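Notes follow once the structure below has been shown.
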Amino acid sequence: MKYFICLILVAALIGCAKDKNTDQSISTNYKFEISDSIRVNHLEELTLIDMEDGMFLAKEEGNSSYIIFDKSGSITSPIELKTDGPNAINMVYSGGFFDGKFTIMDLHKGLIQFSNEGEIINEIPIPKDYLYMHPYNRPAFSLGNKIAYYRPERDLKDWEDQERFYRKYYNEPLLEVFDPITKEVALKMEIPETSIYKDGNFHFLFHPKIIKRGKLWYLFLMAEMKFHVYEEKDEDLIFKESISLNVKDQIPFPQANLQNTSELFSKLEMVVPSMIEQLYVIEDKIILIYKKGADENIVKNYDRENQAEWLDFLGSLPIYAAVFDSDYKLLQDDIELPSGTISTPIVNKEGQIFVQKNQRLLGEEDWNTYYLLKLNDGNQTN
0 MKYFICLILV AALIGCAKDK NTDQSISTNY KFEISDSIRV NHLEELTLID MEDGMFLAKE
60 EGNSSYIIFD KSGSITSPIE LKTDGPNAIN MVYSGGFFDG KFTIMDLHKG LIQFSNEGEI
120 INEIPIPKDY LYMHPYNRPA FSLGNKIAYY RPERDLKDWE DQERFYRKYY NEPLLEVFDP
180 ITKEVALKME IPETSIYKDG NFHFLFHPKI IKRGKLWYLF LMAEMKFHVY EEKDEDLIFK
240 ESISLNVKDQ IPFPQANLQN TSELFSKLEM VVPSMIEQLY VIEDKIILIY KKGADENIVK
300 NYDRENQAEW LDFLGSLPIY AAVFDSDYKL LQDDIELPSG TISTPIVNKE GQIFVQKNQR
360 LLGEEDWNTY YLLKLNDGNQ TN
């Protein structure tokens with residue numbers, strides 16, 4: 000049980016092996032500028048989680064309340080998932096748009112799709128008796144004519160033997176792929192040997208995030224400052240390369256021996272590790288959003304048991320961006336985003352990324368504000 004508690008705490012923070020290290024950026028002058036904003040008149044604080052065809056999906060704290068709003072900020076669909084009755088939702092592990100519909104991964108029922116009025120319109124049951132260990136991610140992806148989603152755990156007989164469990168966990172592919180016709184499943188997306196999760200030590204869970212753009216799939220994991228690139232071929236995902244981001248003053252994610260997994264959680268109490276928060280594909284560039292973390296000398300000044308103080312501290316840590324070209328060459332890193340903002344996974348067709356105004360730091364309001372940031376190159380003149 001203590002490991003599931005740690006899972007929640009950390010989440011609140013939170014081919015051939017080829018690893019491209021990016022130690023130094025070339026001379027550029029990129030910066031983000033606020034180009035627009037969206038105000039959503041909704042009293043409760045929202046978390047922006049997905050966008051499709053100009054419609055935005057956000058959720059309130061908890062599992063049952065979602066809203067869909069348009070680019071003007073007008074709420075088009077308030078959605079309240081049922082918590083009792085025959086159509087009750089047990090627990091939402093992840094939510095987002097899939098095939099044009101609001102879709103969730105449920106605790107027991109698999110993938111469920113809803114109308115804009117919150118009524119169930121489609122259910123895609125996956126093989127039962129699973130435990131989902133990667134919450135708050137996109138619920139599903141199309142892989143050819145099949146449906147891919149983050150791999151659920153189906154065999155927990157080794158859970159009490161943490162070393163045995165995690166050795167197996169680190170060595171299985173990341174996605175489960177479901178054939179809606181035959182109802183068969185297969186595992187895809189091998190974790191590459193370039194990943195730190197392959198070094199034989201304990202790094203806790205993957206907490207993966209996947210971004211799919213055409214035939215290219217991008218993956219990044221919680222405990223490493225790198226991303227991995229895969230290419231979709233004939234309903235398979237072929238690993239191409241890994242790209243590391245080596246920025247100054249980052250705080251590495253702690254690790255421990257697999258024989259002593261509790262040591263990692265003790266180390267996590269001393270620091271806030273660096274972490275990639277988002278990855279965007281914008282035209283011919285890749286943009287990573289990350290935090291460098293905080294070392295023990297800084298962390299010791301804040302009380303983790305005081306939730307308000309701790310959350311204010313985490314929210315005050317600077318957010319940075321790194322820009323890569325289409326060949327994954329680093330163009331510039333440590334581009335600071337506006338202070339008092341929270342990153343989101345949303346980028347629109349115009350290449351504007353969405354950040355949320357942090358009301359904890361900048362003052363509470365009776366609405367939610369999202370800023371649209373545009374990447375500009377100061378070396379270019381009009």
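Counted from 1, the sequence shown has number 246 at position 247 by numbering that gives the first Met the number 0; the numbering is strictly sequential.
The beta-carbon is built from N, C-alpha and C at its ideal position, and this holds for glycine as well.
Bear in mind that the values here come from a model prediction, so they are computed numbers and not experimental data.
field: Test item: CB-CB of Leu-47 and Thr-340 under 8 Å
entry: No. Outside cutoff.
message: If you reduce the DSSP assignment to three classes, tell me which class Lys-1 lands in.
response: Low per-residue confidence applies at Lys-1: pLDDT is 43, beneath 50, and the placement is therefore not dependable, though the value from the model is reported in the following sentence. Lys-1: helix per DSSP, three-state reduction.
- prompt: Any chance the stretch 247 to 257 sits against the stretch 204 to 217, with 3 or more Cβ pairs inside 8 Å?
  reply: Taking 8 Å as the limit for Cβ pairs, the verdict is that the stretch 204 to 217 does not touch the stretch 247 to 257.
- prompt: Three-state secondary structure (DSSP) at Asp-324?
  reply: DSSP, read as helix, strand or coil, puts Asp-324 in coil.
- prompt: In chain order, what residues of the same chain lie with their CB nearer than 7 Å to the CB of Asp-324, ignoring the 5 residues before and after it?
  reply: Within the same chain, and ignoring the five residues on either side of Asp-324 in sequence, the residues whose Cβ sits closer than 7 Å to its Cβ are Asp-283, Lys-284 and Leu-330.
task: Grab me the residues of Lys-100's own chain with a C-beta within less than 6 Å of its C-beta, minus the 5 sequence neighbours each way, in chain order.
output: Closer than 6 Å at the Cβ level, and outside the excluded window around Lys-100, lie Gln-112.
Residue(s) in a DSSP beta bridge with Gln-249: Beta-bridge partners of Gln-249 (DSSP): none assigned.
message: For Phe-353 and Asp-178, I'd like the C-alpha separation in whole angstroms.
response: If you take the alpha carbons of Phe-353 and Asp-178, they lie about 34 Å apart.
Best match in Lys-70, Leu-56, Thr-260 and Leu-80 for proximity to Gln-351 [C-alpha to C-alpha]: Here the closest residue by C-alpha is Lys-70.
message: I need the boundaries of the beta strand (DSSP E) containing Glu-223, first residue and last residue.
response: Run containing Glu-223: none; DSSP gives neither H nor E here.
message: Quick check on the DSSP output: the beta strand (DSSP E) that includes Lys-266 runs from which residue to which?
response: Element bounds for Lys-266: not the beta strand (DSSP E) but the alpha helix (DSSP H), 261 to 267.
query: If you run the structure through DSSP and keep just helix, strand and coil, what is Leu-8?
result: Per-residue confidence for Leu-8 stands at a pLDDT of 42, beneath the threshold of 50, marking its modelled position as unreliable; the derived number appears in the next sentence. The DSSP-derived three-state label of Leu-8 is helix.
- prompt: Is DSSP giving Ala-293 helix, strand or coil here?
  reply: Residue state, collapsed to three classes: strand.
- prompt: Do you know offhand how far Gln-358's Cα is from Met-54's?
  reply: Roughly 23 Å separates the two Cα atoms.
message: Could you check whether the stretch 164 to 174 touches the stretch 193 to 206, counting it as contact only if at least three pairs of C-beta atoms, one from each stretch, sit closer than 8 Å?
response: Enough Cβ pairs lie closer than 8 Å, so yes.
query: In three-state terms, what does DSSP make of Asp-35?
result: For Asp-35, the three-state secondary structure derived from DSSP is strand.
message: By the three-class DSSP mapping on this structure, what secondary structure does Lys-167 have?
response: DSSP places Lys-167 in helix when its eight states are reduced to three.
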